[in-house]
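Visitor: Okay, handing you the structure first.
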Amino acid sequence: MAQKIVTVYTDDLTGAESEEVQTHTFSLDGVNYEIDLESDNYDKLFEALAPFINKGRKLGRSVGAGRPRKASTNGPSAEELRAWARENGHQVNDRGRVPVSIREAYQKAR
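Using this note's numbering, you'd call the opening residue of the sequence shown number -13 and step up by one each time.
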């Protein structure tokens, strides 16, 4: 008997299913939060927090903070992936999560 396992990524804010959903972490009052968002909703979160981030004091980053669970820490940075994607005819946002399809295309090309 054959089995097929399907992974469905769902945006926690909208409930929309997308391969572009990525896990993000943030903290407030000593409580760590984790949320799965598409890049558009991540941009909304970032824009909402930007005035507070800009006025706040940075305490540093713990190992792995802000990194998606699904991404490899040994792979290229988001900036490197974006540059590669553009050079190879892929459309990619300037901010937010790099889509899984771009990461997979990069891996296949290597």
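Where is the CB? At the ideal position from N, CA and C, for every residue including glycine.
#1: Does THR9 have its Cβ less than 8 Å from a Cβ in chain B?
#2: Going by CA-CA distance only, name the one from LYS44, ARG68, SER87 that's closest to VAL78.
#3: Does DSSP classify VAL86 as helix, strand or coil?
#4: Assign PRO85 to one of two classes, buried (16 or more other C-beta atoms within 10 Å of its C-beta) or exposed (fewer than that).
#5: Express the C-alpha separation of GLU90 and LEU31 in angstroms, rounding to a whole number.
Guide: This is what the structure holds:
#1: The question asks about chain B, but that chain is absent: this structure has only one protein chain.
#2: Taking the first residue of the sequence shown as 1, we reach residue 78 at position 92. Checked all of LYS44, ARG68, SER87; the closest Cα to VAL78 is ARG68.
#3: Within the sequence shown, residue 86 is the residue found at index 100, counting from 1. Reduced to three states, the DSSP call for VAL86 is helix.
#4: Here the question's residue 85 lines up with position 99 in the sequence shown. Classification for PRO85: buried.
#5: The residue given as residue 31 occupies position 45 in the sequence shown. The residue given as residue 90 occupies position 104 in the sequence shown. Spanning the two alpha carbons is a distance of roughly 26 Å.
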